[in-house]
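A.B. asks: In my numbering, the protein residues as written are 1 to 454.
Okay, handing you the structure first.
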Ligand code: SF4
């Protein structure tokens, strides 16, 4: 601390440090190196936090309560870059999907950075942003498109928070800032570089068009809820996801209520209680089966953490109450997990846990080994659960025409060798994928539920 960055140091090509996601201690240390007196540090940290996360600044020139001299030094040291947009697709139902390119991680020898997907789902009473925590996934759930893409790497804090910042740019979700105003000069020109594709009843039409978010009342936020249900298993990138959600829920930063942030896990049992204690968000469990034999196939991590162990962790989730219920996700697979007997078993399994059960009509993807349950079957399944006193909404498929629905996300990024991705979490995948029961039960690709009835 105390060493000041010199002009030659800046000119020597030290890459700018991404400001989005940078922790307060690291930022303070860099500010001291830039010559900011210790007595001003608290004020400068507050100013920068406000500009980055409350105002959505894309250039240091906007930061008018910071002296011109310091702003010039900030330009040399920091970047306000967002992930680069490769493409933006808009579904006929208003759902948006962004394919985002990240900076290369590890020793990539100049190769382009990996890609991830982020999805925005507008509804009447809320706007949900579904964000990714990893590039690809190690867990190979057999109903999930992401599971067919091997893990490339964990996302950094900045890359996780950057998805929220970028979505707010594109949706005009900053107070006093026009829509789609990302990509100022200090943001490194990282705004929209790819194409905007809007899905229409006649198909998807391309073209470099601006975003077209339907109007909403003044002062109403476009993004009201954050869900960690995109690419990856968030509890296998625990620290970065936790620190990113701390910024998302900090009232002086992005300011979302913890009740409006949901982490969805396939069941990394040892981390569930820790997440509740350290992050305290809402919890969703990808359950999908009521017995271990089937769940071992659908969600292979079940072999390590079987259902009984998972539900015990749920019963002990910090803060669990009727007001803070756990959501159990249950994808409806024709002839696989959708019988009335399984609905009744589900009710018995969850006894005593304040819970809501989301029934998800299976969203097909190319080569998927499953078919979606018939709509009547889904409704009958839901009625059994409902009669037992559990809320059991059937999730309306959103953004299917742009492959943005639940379980459909996949980018083209390829796997790095283990030594290239450095010290990531252990490879949970080895030997855990095995088709067995799914091959015997309902293996017909290409099914569509009666979405018009959803
Ligand atoms: S459902 Fe989640 S944990 Fe399972 S493969 Fe897909 S992204 Fe990974």
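We put the CB at the ideal spot given by N, CA and C, even for glycine.
Would you tell me roughly how many angstroms separate the C-alpha atoms of residue 245 and residue 151, rounded to the nearest one?
C.D. replies: What you label residue 245 is simply residue 245 of the chain shown in a count that begins at 1. What you label residue 151 is simply residue 151 of the chain shown in a count that begins at 1. So the two alpha carbons sit approximately 22 Å from each other.
A.B. asks: The ligand SF4 and residue 139: does the residue's C-beta get closer than 8 Å to at least one heavy atom of that ligand?
C.D. replies: Walking along the chain shown from the start, residue 139 turns up at place 139. Yes, the beta carbon of residue 139 sits closer than 8 Å to at least one heavy atom of the ligand SF4.
A.B. asks: Go ahead and pull the three-state DSSP assignment for residue 399.
C.D. replies: Mapped onto the chain shown, residue 399 falls at position 399. Reduced to three states, the DSSP call for residue 399 is coil.
A.B. asks: Restricting to runs no shorter than 4 residues, where is the alpha helix (DSSP H) found entirely within the segment 15-80?
C.D. replies: Whole alpha helix (DSSP H) segments, 4+ residues: 24-33, 41-49 and 68-77.
A.B. asks: Taking residue 146 as the reference, give the member of 313, 231, 323 and 382 with the closest Cα.
C.D. replies: The sequence position of residue 146 within the chain shown is 146, counting from 1. Nearest C-alpha to residue 146: 231.
A.B. asks: Return the chain-ordered list of same chain residues with a C-beta closer than 8 Å to the C-beta of residue 55, the five sequence neighbours on each side being excluded.
C.D. replies: Looking up residue 55 in the chain shown gives position 55. 62, 174, 175, 176 and 177, listed in sequence order.
A.B. asks: Go ahead and pull the three-state DSSP assignment for residue 139.
C.D. replies: Within the chain shown, residue 139 is the residue found at index 139, counting from 1. Residue state, collapsed to three classes: coil.
A.B. asks: Kindly identify the DSSP beta-bridge partner or partners of residue 328.
C.D. replies: Position 328 of the chain shown, counted from the first residue, corresponds to residue 328. Paired residue(s): 285 and 357.
A.B. asks: Report yes if the CB atom of residue 277 is closer than 9 Å to the CB atom of residue 318, and no otherwise.
C.D. replies: As a working mapping, residue 277 is identified with position 277 in the chain shown. As a working mapping, residue 318 is identified with position 318 in the chain shown. Cβ distance < 9 Å, so residue 277 and residue 318 count as in contact.
A.B. asks: Measuring alpha carbon to alpha carbon, tell me which residue in 366, 240 and 342 is nearest residue 143.
C.D. replies: What you label residue 143 is simply residue 143 of the chain shown in a count that begins at 1. When each option's Cα is compared against that of residue 143, the closest is 366.
A.B. asks: Quick check on DSSP: helix, strand or coil for residue 144?
C.D. replies: The residue you call residue 144 lines up with position 144 of the chain shown. The answer is coil: DSSP assigns residue 144 none of H, G, I, E or B.
A.B. asks: Indicate whether residue 53 and residue 280 have their beta-carbon atoms separated by less than 9 Å.
C.D. replies: Within the chain shown, residue 53 is the residue found at index 53, counting from 1. Within the chain shown, residue 280 is the residue found at index 280, counting from 1. No, these two residues do not count as a Cβ contact at 9 Å.
A.B. asks: Quick check on residue 391: does DSSP put it in helix, strand or coil?
C.D. replies: Counted from its first residue, the chain shown places residue 391 at position 391. Residue 391 falls in the strand class under three-state DSSP.
A.B. asks: Could you work out which residue in 125, 359 and 163 is closest to residue 334 when comparing CA atoms only?
C.D. replies: Numbered from its first residue, the chain shown carries residue 334 at position 334. That would be 359, whose Cα lies nearest to the Cα of residue 334.
A.B. asks: Would you say the beta carbon of residue 231 is closer than 8 Å to some non-hydrogen atom of the ligand SF4?
C.D. replies: Mapped onto the chain shown, residue 231 falls at position 231. Flag set: Cβ of residue 231 near the ligand SF4.
A.B. asks: Looking only at DSSP bridge pairs, what is residue 117 linked to?
C.D. replies: What you label residue 117 is simply residue 117 of the chain shown in a count that begins at 1. Beta-bridge pairing links residue 117 to 99.
A.B. asks: Rounding to the nearest angstrom, what Cα-Cα distance links residue 243 and residue 376 in this structure?
C.D. replies: Within the chain shown, residue 243 is the residue found at index 243, counting from 1. Within the chain shown, residue 376 is the residue found at index 376, counting from 1. Residue 243 and residue 376: Cα-Cα distance of roughly 43 Å.
A.B. asks: Considering residue 241, what are the terminal residues of the alpha helix (DSSP H) in which it resides?
C.D. replies: Within the chain shown, the letter at position 241 stands for residue 241. Looking at the DSSP string, the run of the alpha helix (DSSP H) that includes residue 241 is 238-249.
A.B. asks: Check the C-beta distance from residue 233 over to residue 139 and give it rounded, since I have them as a contact under 8 Å.
C.D. replies: Residue mapping note: residue 233 aligns to position 233 of the chain shown, counting from 1. Residue mapping note: residue 139 aligns to position 139 of the chain shown, counting from 1. Going by Cβ atoms, the distance from residue 233 to residue 139 rounds to 5 Å, so yes, they are a contact pair.
A.B. asks: Out of 282, 15, 399 and 247, point me to the one whose CA is closest to residue 165's CA.
C.D. replies: Numbered from 1 along the chain shown, position 165 holds the residue referred to as residue 165. Checking every option, the nearest Cα to that of residue 165 belongs to 247.
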